[in-house]
Amino acid sequence: MRPNTRGIRFKTWLYFFYLTISILALLWALQIVFLKPYYRNMKITDIRNVAAAIEESLVTDKLSENIVQIAVENNVCAVIYNKNYQMVYSVDSLGVNCFLTRSPISDQKAFIEEYVLEAQTVTGSDYYFTMQNTNFRQEMIFYGKEVKVNLTEFYIFINAPIEPLDSTISILQDQFIYVTIAVLFLSTMISGIISFRIAKPLANMTESAKKLAFGDVNVKFDYGGYSEIDDLADTLNFATGELSKMDELRRDLIANVSHDIKTPLTMIKAYAEMIKELSGDHPVKRNEHLDIILSEANHLNRLVNDMLQLSLNQSNKLSIDAVQFNLKKKMTEIVGLFAGFTDSGQVNIEIDIDRKLKVEADEVKIGQVMFNFINNAIRHVGEDKKIIIKAEVLEKAVRVSVIDHGEGIEDAHLPYIWDRYYKIDKNYTRETDGGTGLGLAIAKSICVAHHLNFGVLSTIQEGSTFYVDLPLA
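This note's numbering puts the first residue of the sequence shown at 215, with every later residue one more than the last.
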């Protein structure tokens, strides 16, 4: 089975492997390839420090006290000449290895003259080069520097051995081979474990997501031990919960719409058959049956119109024609549509609005909102049969409220009353007062399209207040 090269397990292992190889390559370069140049540069730096210490001793006139200690601690031999090429001081911790002291005096003079001349011509007044000690097959560093102390010229020459590193490098190479094998093995194991621990919760989430995709809204996304994965699990669990609610709402909606359509159709069919077979020759009975058929047909018409209106409102195609209008006049017109309820004494609607108050909004659509608020209040009116419509001027808006003193709404139901066909009592029955169950959903869609603040305040056994804030004209 070929590995999934795009999977998180393979990618995690690959990145870990690259990191390990990079670290090992860096160690190989530093410890094997660049060890000799690094050691050589370090040795040159040490010799320059020795020369600086000798120069400082010359300045402080403590050369005889310090030079032996300096030479022994740094494993060098040093010779100091004045401008007349006369030896001022010499110290030797190398013995026969010292190139400066093992030559005859006559040779030394010629040698010193040559390198004094070179020291005078180089930039920076110091120089160095390496030479091979043929007697001991050891590489040596020769260092020269011209200094001035109290206006007197001196020439400092230092000779130091470069320790052979071939055997050391060979040992390090052998060790690094084993270290490389061990590190690669451990990194492979550790990266495999890490990638598994990271990928497993994600793989589990993928399986759960597949179940969710096939309609299992009861699936649960488990935590994975990492804050980012736990946050993802919380988000997916929340989304699953919302999908579950939407699925339940969808089933309820289908059932309710089917019920609302099927019931009047059944009654229309039944009474049409009764007219055909029984009451066709009896005018009184026939008219009663026809009235029922017309009533059911009107209910179907209202239901279809409300569903079309809601669909239009929620499709972002709702046009807003904002105009200034008198609020009390508009509310009076809307209340007049409920004359059948007010004239019969079923409800008493009071309007508490300043007659001069004007707002700016789509007059027709805001009228639909208030109609649905009032219609809802009538269906839940309290024993006092009183409904109050009032307006309160806020800072930049007018809050129009429809208040009833009915049974109230529990807090748990408040977020959902704006949904289509939402019923506090889940034992759904068809509206018997001419409603379609879509009024509050239509009101919400219009308020959202207007970008208006709206809502409901309710207290059990005290009543409910539905409100919307309209811009002041």
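From the three backbone atoms N, C-alpha and C, an ideal C-beta is built for every residue, glycine too.
* Would you call the CB atoms of Gly669 and Asn589 closer than 8 Å? -> As a working note, residue 669 is residue 455 in the sequence shown. As a working note, residue 589 is residue 375 in the sequence shown. Taking 8 Å as the Cβ cut-off, Gly669 and Asn589 do not qualify as a contacting pair.
* Per DSSP, what kind of secondary structure is Gln560 in: helix, strand or coil? -> For the purposes of this step, residue 560 is identified with residue 346 of the sequence shown, where counting begins at 1. In the structure shown, the three-state DSSP call for Gln560 is coil.
* Give the range of the alpha helix (DSSP H) segment to which Asp380 is assigned. => Numbered from its first residue, the sequence shown carries residue 380 at position 166. Run containing Asp380: 380-427, per the alpha helix (DSSP H) assignment.
* Asked: Excluding sequence positions up to five away, which residues of its chain have a Cβ less than 8 Å from the Cβ of Leu686?
  -> Stepping through the sequence shown from its first residue, residue 686 is reached at position 472. Excluding residues within five positions, the ones whose Cβ falls inside 8 Å are Lys572, Val573, Glu574, Val607, Lys610, Ala611, Val612.
* Asked: In whole angstroms, what is the alpha-carbon distance linking Ile617 and Asn586?
  -> Position 403 of the sequence shown, counted from the start, is the residue given in the question as residue 617. Position 372 of the sequence shown, counted from the start, is the residue given in the question as residue 586. Those two C-alpha atoms are separated by around 13 Å.
* Contact belief for Asn296 with Phe368 at Cβ below 8 Å, rounded distance in angstroms -> As a first step, residue 296 must be located in the sequence shown, where it is residue number 82. As a first step, residue 368 must be located in the sequence shown, where it is residue number 154. About 6 Å separates the Cβ atoms of Asn296 and Phe368, confirming a contact at the 8 Å cut-off.
* Contact set for Lys599: own chain, Cβ-Cβ below 6 Å, skip 5 residues either direction -> Mapped onto the sequence shown, residue 599 falls at position 385. Same-chain partners within the cutoff: Val561, Asn562.
* If I'm right that Tyr681 touches Val614 with Cβ under 8 Å, what's the distance once you round it to whole angstroms? => Along the sequence shown, read from residue 1 onward, the residue named residue 681 stands at position 467. Along the sequence shown, read from residue 1 onward, the residue named residue 614 stands at position 400. About 7 Å; that satisfies the 8 Å criterion.
* Specify, as a first and last residue, the run of the beta strand (DSSP E) that Leu671 falls within. => For the purposes of this step, residue 671 is taken as residue 457 along the sequence shown, with counting starting at 1. Unbroken beta strand (DSSP E) run through Leu671: 668-673.
* Near Leu272, what residues of its chain come up, given a Cβ to Cβ distance below 8 Å and the 5 sequence neighbours on each side ignored? -> Here the question's residue 272 lines up with position 58 in the sequence shown. Taking C-beta separations shorter than 8 Å and ignoring five residues to either side along the sequence, the partners of Leu272 in its chain run Ile294, Val361, Val363, Phe368, following chain order.
* To do: Have a look at Glu676 and His594 and give me their C-alpha separation to the nearest angstrom.
  => As a working mapping, residue 676 is identified with position 462 in the sequence shown. As a working mapping, residue 594 is identified with position 380 in the sequence shown. Distance between the alpha carbons of Glu676 and His594: 11 Å.
* To do: State whether the stretch 406-417 contacts the stretch 436-444, with contact taken as three or more CB pairs (one from each stretch) at a distance under 8 Å.
  => The stretch 406-417 is in contact with the stretch 436-444.
* Asked: Can you check whether the CB of Val290 is closer than 8 Å to the CB of Ile258?
  -> Mapped onto the sequence shown, residue 258 falls at position 44. Mapped onto the sequence shown, residue 290 falls at position 76. No; because the gap between Cβ atoms is not below 8 Å, this pair is not in contact.
* What first and last residue would you give for the beta strand (DSSP E) that runs through Lys359? -> Position 145 of the sequence shown, counting from 1, holds the residue named residue 359. Its beta strand (DSSP E) spans residues 352-363.
* To do: Take Asn667 and list the residues in its own chain whose beta-carbon comes closer than 7 Å to its own, dropping the five residues that flank it on each side.
  => Translated into the one-based positions of the sequence shown, residue 667 becomes position 453. Annotation for Asn667: Asp683 place their beta carbon closer than 7 Å to its own, counting only its chain and skipping 5 residues before and after.
* With burial defined as no fewer than 16 other Cβ atoms inside 10 Å of the residue's Cβ, what is the status of Met584: buried or exposed? -> Counted from its first residue, the sequence shown places residue 584 at position 370. Result: buried.
* Segment limits, beta strand (DSSP E) that includes Val607 -> Here residue 607 refers to the residue found at position 393 of the sequence shown. For Val607, the enclosing beta strand (DSSP E) starts and ends at 600-607.
* Can you tell me which of Gly622, Ala626, Asp633 puts its alpha carbon nearest to the alpha carbon of Thr679? => To locate residue 679, count along the sequence shown from 1; it is residue 465. Comparing Cα-Cα distances from Thr679 to each of Gly622, Ala626, Asp633, the minimum goes to Gly622.
* Asked: In whole angstroms, what is the alpha-carbon distance linking Thr480 and Glu491?
  -> Numbered from its first residue, the sequence shown carries residue 480 at position 266. Numbered from its first residue, the sequence shown carries residue 491 at position 277. Approximately 16 Å, taken between the alpha carbons.
* To do: State the beta-bridge partners of Met345 as determined by DSSP.
  => Your numbering for residue 345 matches position 131 in the sequence shown. Met354, per the DSSP bridge assignment.
* Would Thr646 be called buried (16 or more neighbouring beta carbons within 10 Å of its own) or exposed? -> For the purposes of this step, residue 646 is taken as the residue at position 432 of the sequence shown. Reliability fails at Thr646, whose pLDDT of 45 lies under 50, so the model's placement of it is uncertain and no value is given.
* **Where the alpha helix (DSSP H) through Pro251 begins and ends** => Here residue 251 is taken as the residue at index 37 of the sequence shown, counted from 1. Counting along the chain, the alpha helix (DSSP H) containing Pro251 begins and ends at 249-274.
* Just the Cα atoms here: how many angstroms apart are Ser672 and Ser458? -> Sequence index remark: in the sequence shown, residue 672 carries index 458 (1-based). Sequence index remark: in the sequence shown, residue 458 carries index 244 (1-based). Those two C-alpha atoms are separated by around 27 Å.
* Asked: Can the beta-carbon of Val282 be found less than 8 Å from the beta-carbon of Ile372?
  -> For this step, residue 282 is matched to residue 68 along the sequence shown. For this step, residue 372 is matched to residue 158 along the sequence shown. Between Val282 and Ile372, the CB-CB gap reaches or exceeds 8 Å.
* Distance, Cα to Cα, Met403 vs Asp388? -> Locating residue 403 in the sequence shown gives position 189, counting from the first residue. Locating residue 388 in the sequence shown gives position 174, counting from the first residue. In a straight line, the C-alpha of Met403 is about 23 Å away from that of Asp388.
* Cβ-based burial, Pro375 [other Cβ within 10 Å; buried from 16] -> One-based indexing of the sequence shown puts residue 375 at position 161. A residue is called buried once 16 or more other Cβ atoms fall within 10 Å of its Cβ, and Pro375 is buried on that count.
* To do: Pull up the DSSP beta-bridge partners for Leu684, would you.
  => On the sequence shown, position 470 is the one that residue 684 refers to. DSSP, once it has assigned bridges, lists Val612 as partnering Leu684.
* Asked: With DSSP run on the structure shown, which of helix, strand or coil describes Tyr229?
  -> Against the sequence shown, residue 229 aligns to sequence position 15. Shown here, Tyr229 sits in a helix according to DSSP, grouped into three states.
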